[in-house]
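Participant:
2 protein chains.
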Amino acid sequence: MIDLAPTGDLTQDTAVARTAQNRYETVIRDGYGAGELVPNGGLLLSIAARAMADAAQRPSLLTVTGQFLRRAQPGAAEIRVEILRNGRLVMTHAQLDQGGQPALHATGVFADRSVLPQRTWVASTPPELPEPDACVSPDDFAESGPFSTPPPVFRRLDHRLPADQLQFALGSPNTHAAIKGWYRPLVGHADETAVPFLMDALFPPTFTIDGPIGFAPTIELTVQLRRPPGDGWLRYRFATRAIAGGVMEEDGELWTADGELVALSRQTALPTG
Amino acid sequence: MIDLAPTGDLTQDTAVARTAQNRYETVIRDGYGAGELVPNGGLLLSIAARAMADAAQRPSLLTVTGQFLRRAQPGAAEIRVEILRNGRLVMTHAQLDQGGQPALHATGVFADRSVLPQRTWVASTPPELPEPDACVSPDDFAESGPFSTPPPVFRRLDHRLPADQLQFALGSPNTHAAIKGWYRPLVGHADETAVPFLMDALFPPTFTIDGPIGFAPTIELTVQLRRPPGDGWLRYRFATRAIAGGVMEEDGELWTADGELVALSRQTALPTG
Chain G
-16 MIDLAPTGDL TQDTAVARTA QNRYETVIRD GYGAGELVPN GGLLLSIAAR AMADAAQRPS
44 LLTVTGQFLR RAQPGAAEIR VEILRNGRLV MTHAQLDQGG QPALHATGVF ADRSVLPQRT
104 WVASTPPELP EPDACVSPDD FAESGPFSTP PPVFRRLDHR LPADQLQFAL GSPNTHAAIK
164 GWYRPLVGHA DETAVPFLMD ALFPPTFTID GPIGFAPTIE LTVQLRRPPG DGWLRYRFAT
224 RAIAGGVMEE DGELWTADGE LVALSRQTAL PTG
Chain S
-16 MIDLAPTGDL TQDTAVARTA QNRYETVIRD GYGAGELVPN GGLLLSIAAR AMADAAQRPS
44 LLTVTGQFLR RAQPGAAEIR VEILRNGRLV MTHAQLDQGG QPALHATGVF ADRSVLPQRT
104 WVASTPPELP EPDACVSPDD FAESGPFSTP PPVFRRLDHR LPADQLQFAL GSPNTHAAIK
164 GWYRPLVGHA DETAVPFLMD ALFPPTFTID GPIGFAPTIE LTVQLRRPPG DGWLRYRFAT
224 RAIAGGVMEE DGELWTADGE LVALSRQTAL PTG
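Chain order of the listed sequences is G and S. Under this note's numbering, think of the first position of the first sequence as -16, with each following residue one higher. Under this note's numbering, think of the first position of the second sequence as -16, with each following residue one higher.
#1: Mapping the DSSP letters down to three states, classify Ser97/G as helix, strand or coil.
#2: Are Asp141/S and Tyr166/S closer than 8 angstroms when you measure CB to CB?
#3: Among residues of its own chain, excluding the 5 on either side of Gln78/G, which ones have a beta-carbon nearer than 6 angstroms to its beta-carbon?
#4: Give, in chain order, every residue of the segment 186 to 213 of chain G whose Cβ lies closer than 7 angstroms to some Cβ of chain S.
#5: Are Thr189/G and Pro254/G close, meaning C-beta to C-beta below 8 angstroms?
#6: Ordered along the chain, which non-local residues of its own chain (more than five positions away) have a Cβ less than 6 angstroms from that of Ala146/G?
#7: Please determine, among Leu149/G, Ala177/G, Pro115/G, the residue with the shortest C-alpha to C-alpha distance to Ala31/G.
#8: Considering only residues of the same chain and omitting the five flanking positions on each side of Gln250/S, which have a CB-CB separation below 6 angstroms?
#9: So Gly228/S contacts chain G; which residues on that side make the cut at Cβ distance below 7 angstroms?
#10: Just curious, the alpha helix (DSSP H) that Phe180/S is in, first and last residue?
#11: Give the secondary structure of Arg102/S by DSSP, where H, G and I count as helix, E and B as strand, and everything else as coil.
#12: Report yes or no: do the segment 49 to 61 of chain G and the segment 3 to 21 of chain G share at least 3 C-beta pairs separated by less than 8 angstroms?
#13: Count the other CB atoms, across all protein chains shown, that sit within 10 Å of the CB of Thr191/G; report buried if there are 16 or more and exposed otherwise.
#14: Closer than 7 angstroms by beta-carbon distance: list the chain S residues that pair up with Arg68/G, in chain order.
#15: Taking the alpha-carbon of Gln207/S as reference, which of Leu244/S, Leu45/S, Phe137/S has the nearest alpha-carbon?
#16: The alpha helix (DSSP H) that contains Asp193/S, what's its start and end?
#17: Quick check for students: name the residue ranges of the beta strand (DSSP E) that lie wholly in the segment 55 to 86 of chain G, counting only runs of 3 or more.
#18: Going along chain G, which residues have a C-beta under 7 angstroms from His88/S?
#19: Would you kindly check if the distance between the Cβ of Ala173/S and the Cβ of Pro187/S is under 8 angstroms?
#20: What does His159/S reach in chain G if we use C-beta pairs closer than 9 angstroms?
#21: Where does the unbroken alpha helix (DSSP H) through Gly25/S begin, and where does it stop?
#22: Would you identify the three-state DSSP class for Glu243/G, choosing helix, strand or coil?
#23: Output needed for Val230/S: all residues of its chain with C-beta closer than 8 angstroms, excluding positions within five of it in sequence on either side, in chain order.
#24: Between Thr239/S and chain G, is any beta-carbon pair separated by less than 8 angstroms?
#25: Using a Cβ-Cβ cut-off of 7 angstroms (strictly less than) and excluding sequence neighbours within five positions of Pro(-11)/S, which residues of its own chain qualify?
#26: With Arg220/S and Ala246/S assumed to form a contact (beta carbons below 8 angstroms), what rounded beta-carbon distance in angstroms separates them?
#27: Closest Cβ-Cβ distance between Arg63/G and chain S: below 8 angstroms?
#28: For the putative contact between Leu112/S and Arg33/S, defined by C-beta atoms under 8 angstroms, what is the C-beta separation to the nearest angstrom?
#29: Can you round the beta-carbon distance between Ala160/G and Pro195/G to whole angstroms, since I take them to be within the 8 angstroms contact cut?
This is the structure we're talking about:
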């Protein structure tokens, strides 16, 4: 009997075990889903990134992309990694299979960040937020409505949002589809391979214009890493600028509390209706 | 003797021929490079998208991602396509090999866009530009300096830029890394599979802050399509917001002349120094 209970420690909940060269097994935990989307894509991509990182043998993850093929379920899964290029950059791909069917196709690029150019030039600014203690958690917020019972995946992180960010759940939609706030791991700390999960752990930004109805399945997610998230609170900003042609993007930025850029993300999602 | 001369017709210059089920051959043309980066990554990704589109048998390309493994050269290349999921969405991956070595690993998602939700909500706005006739081409611009001899790939499109967009080449850098302008195919029209090339056909936006020095090799490029580009002039905007952690992003937006969103793109590139 495999224990599927989530620990809240992202390192433990995305752990992989090497079974042969470039082959890994994992256990997808319960509680990382939202509605029928169980578990969410970001968790699967973090698991695949862990396997690719082990095979790549480089300390830094530069970028990782996942294409979500089929819904996975909590339980055992296998990952096969292939090294496509091995040099200063190590480029890999991975396939996560469950029950003999591919659920995720992923690619990753790894390197030793310390030997790459050290220049830093950042034109974007971290989202301005009240201190975490002055924010609310989704649990605090709604006595009624969909956010009275946040989806299970919300409980895998400690979330704090400025109260005005949740007005959409009280029937006051925004005109722009954007959300900003804080989160941190419940237990332990997040390394670079945990970041794909972090970039897929919010509700769609379109909730702020449409209300909290439906979920938008992710078909592709790319996460570009700039530094490890480190310990403590992380600032995030997620936004959608265009629903058109049957798809929408969700763009994310992740920053440390003191304003260092951790990651950019973009996902392609299917809007519901 | 294979004819490597570019025709300027993007459909012809990205053509693939089916040799067996899910196997294709192509000829990478001359003249699609910049400096030592011959040909550029966008052209390879468009070629892979053509092969995946043929195998997928769906009319619309929703999103395509390429991971660039090795420099390719003009000449023959082979593409192997695998169908990873076949349903309302067809998800594929492709590998482009040259001389027995993989040069590009790509994934694509195809569908019939007409059966997807038709909702359109666009918060971004197309770049404001003077009419093409009031713009300059890179050829017109500089009597001296690096832009007196634009890289060959520039001559594969008809480019028109507002004169102020090229001040960086005259020693007047910007403080923000962004570039906007017009382009259109020299011959024929661009279909959806040509868009990856369009999203990689400009110089890096960081030229506007650093001057036109060096090129930034692309390691990954994702293009999210919203509609076919159609005929005529296209408006583009490319920008970099952060060089950090040894990588930088280049984000692009492509719009029709009358303001319909065609595509979003993001690439991960290695800054030089």
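The beta carbon of each residue, even a glycine, is placed where N, CA and C say it ideally should be.
Facilitator: Let me spell this out:
#1: helix
#2: yes
#3: Arg63, Pro85, His88
#4: Ile202, Glu203, Thr205, Gln207, Leu208, Arg209, Arg210
#5: yes
#6: Val119
#7: Ala177/G
#8: Thr201, Leu204, Glu233
#9: Arg96, Leu208, Arg209, Arg210
#10: 178 to 181
#11: coil
#12: yes
#13: buried
#14: Leu52, Arg53
#15: Leu45/S
#16: 190 to 193
#17: 58 to 69, 73 to 81
#18: Leu67, His76, Thr90
#19: no
#20: Ala106
#21: 24 to 39
#22: coil
#23: Ile202, Thr251, Ala252, Leu253, Pro254
#24: no
#25: Asp(-4), Arg12, Asp13, Gly14, Tyr15, Arg139
#26: The Cβ separation is near 11 angstroms, so there is no contact.
#27: no
#28: Not confirmed; about 30 angstroms, so no contact.
#29: No, Ala160/G and Pro195/G are not in contact; Cβ-Cβ is about 13 angstroms, not under 8 angstroms.
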